[in-house]
Amino acid sequence: MSQTTPRSITRTTLDGVSVDTDHLVTEAPLEMRLGMTPLAVLMRTPGHDADLLLGFAITEGIVLNPGEVAEVVPVAGDPEQNRWEIVLADGVTIDPEQFRRNLYTSSSCGVCGKASIDALKVAAPQPPAGPVLDPAVVLRLPAQMRSVQETFELTGGQHAAAIFDAGGELLAVREDVGRHNAVDKVIGAIATERWPIGEVVLLVSGRVSFEIVQKAAVAGIPVVGGVSAASSLAAVTAE
Numbered sequence: 038m039s040q041t042t043p044r045s046i047t048r049t050t051l052d053g054v055s056v057d058t059d060h061l062v063t064e065a066p067l068e069m070r071l072g073m074t075p076l077a078v079l080m081r082t083p084g085h086d087a088d089l090l091l092g093f094a095i096t097e098g099i100v101l102n103p104g105e106v107a108e109v110v111p112v113a114g115d116p117e118q119n120r121w122e123i124v125l126a127d128g129v130t131i132d133p134e135q136f137r138r139n140l141y142t143s144s145s146c147g148v149c150g151k152a153s154i155d156a157l158k159v160a161a162p163q164p165p166a167g168p169v170l171d172p173a174v175v176l177r178l179p180a181q182m183r184s185v186q187e188t189f190e191l192t193g194g195q196h197a198a199a200i201f202d203a204g205g206e207l208l209a210v211r212e213d214v215g216r217h218n219a220v221d222k223v224i225g226a227i228a229t230e231r232w233p234i235g236e237v238v239l240l241v242s243g244r245v246s247f248e249i250v251q252k253a254a255v256a257g258i259p260v261v262g263g264v265s266a267a268s269s270l271a272a273v274t275a276e
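Per our numbering, the sequence shown runs over residues 38 to 276.
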């Protein structure tokens, strides 16, 4: 399934009205299964679904590290690949009922579907001390991320999350209609290459919310930045 969907539109400008074709961000449900037990339905942009589910499993505390996951694969018999299964490594046992969500997770709300305030909290170790960053490096990170946001360039409707090293080198970037999904995707991508993730910077294309800070903390990422402002609870959580 493509990350964008062409659609006929009526375009109105100062020069008049015309019929045109625009590219919209694709939003589609993704059913996550642990083994063959459904856990959640995530509204996401298709693409890098294995990264998304591995990152989600890590940041939601379903698994403690990527080594507990043998593979993340599409469920057989689903031609659109909107159902995926997390296969646990040998010797790893997890009770699916502990993590099952009663509702779907929308593209705008990653914590939706949790039944209580206590359920919002995910145990997270203290992240390592963050690297000391050169202010000049910090200031150029948004432009670096923006330069590789290919789907945003085409649609104008896609969030992004990127991970940089302390010197400002881009290690991974992922896009999604949901900012929290983009974070899970980029964490899943980097976790397959290096764990612990270590002294890196997570940058998101919008505001920094509680959920973004918590996901970073659970993944052991010590520095979080955003193109927009932080929320009050994000600041408290970071402290």
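Cβ atoms here follow ideal geometry from the backbone N, Cα and C, with glycine treated the same way.
Compute the Euclidean distance between the alpha carbons of residue i and residue j, then round it to the nearest angstrom.
i: residue 266; j: residue 128; result: 43 Å
i: residue 106; j: residue 69; result: 14 Å
i: residue 93; j: residue 251; result: 12 Å
i: residue 49; j: residue 55; result: 7 Å
i: residue 268; j: residue 57; result: 38 Å
i: residue 201; j: residue 52; result: 43 Å
i: residue 263; j: residue 96; result: 18 Å
i: residue 273; j: residue 216; result: 20 Å
i: residue 244; j: residue 182; result: 15 Å
i: residue 190; j: residue 136; result: 36 Å
i: residue 226; j: residue 46; result: 35 Å
i: residue 153; j: residue 223; result: Summary for residue 153: the model assigns pLDDT 47, below 50, so the residue's position carries little reliability; its value from the coordinates is reported in the next sentence. Going from the Cα of residue 153 to the Cα of residue 223 covers about 27 Å.
i: residue 100; j: residue 59; result: 40 Å
i: residue 140; j: residue 125; result: Annotation note: pLDDT 45 at residue 140 (below 50); position unreliable, no value reported.
i: residue 221; j: residue 90; result: 7 Å
i: residue 132; j: residue 71; result: 9 Å
i: residue 218; j: residue 276; result: 24 Å
i: residue 118; j: residue 169; result: 42 Å
i: residue 260; j: residue 228; result: 16 Å
Using three-state DSSP, classify residue i as helix, strand or coil.
i: residue 96; result: helix
i: residue 44; result: strand
i: residue 112; result: coil
i: residue 69; result: strand
i: residue 75; result: strand
i: residue 136; result: coil
i: residue 88; result: helix
i: residue 105; result: helix
i: residue 32; result: Residue 32 lies beyond the range of the chain shown here (38 to 276); nothing can be said about it.
i: residue 221; result: helix
i: residue 231; result: coil
i: residue 125; result: strand
i: residue 226; result: helix
i: residue 80; result: strand
i: residue 120; result: strand
Please classify residue i as buried or exposed, where buried requires at least 16 other C-beta atoms within 10 Å of its C-beta.
i: residue 172; result: exposed
i: residue 73; result: exposed
i: residue 80; result: buried
i: residue 204; result: exposed
i: residue 198; result: buried
i: residue 77; result: buried
i: residue 271; result: buried
i: residue 40; result: buried
i: residue 134; result: exposed
i: residue 115; result: exposed
i: residue 188; result: buried
i: residue 184; result: exposed
i: residue 206; result: exposed
Give me the Cβ distance between residue i and residue j, rounded to the nearest whole Å; I'm assuming they're in contact under 8 Å.
i: residue 82; j: residue 186; result: The pair is not a contact, with the Cβ atoms about 12 Å apart (cut-off 8 Å).
i: residue 98; j: residue 255; result: 6 Å
Grab the span of the beta strand (DSSP E) containing residue i for me, first residue to last.
i: residue 270; result: Here residue 270 belongs to no beta strand (DSSP E); instead the alpha helix (DSSP H) covers 269 to 275.
i: residue 58; result: 53 to 62
i: residue 194; result: No beta strand (DSSP E) holds residue 194; DSSP gives it neither H nor E.
i: residue 239; result: 237 to 241
At which residues does the alpha helix (DSSP H) containing residue i begin and terminate?
i: residue 209; result: Element bounds for residue 209: not the alpha helix (DSSP H) but the beta strand (DSSP E), 207 to 213.
i: residue 250; result: 247 to 255
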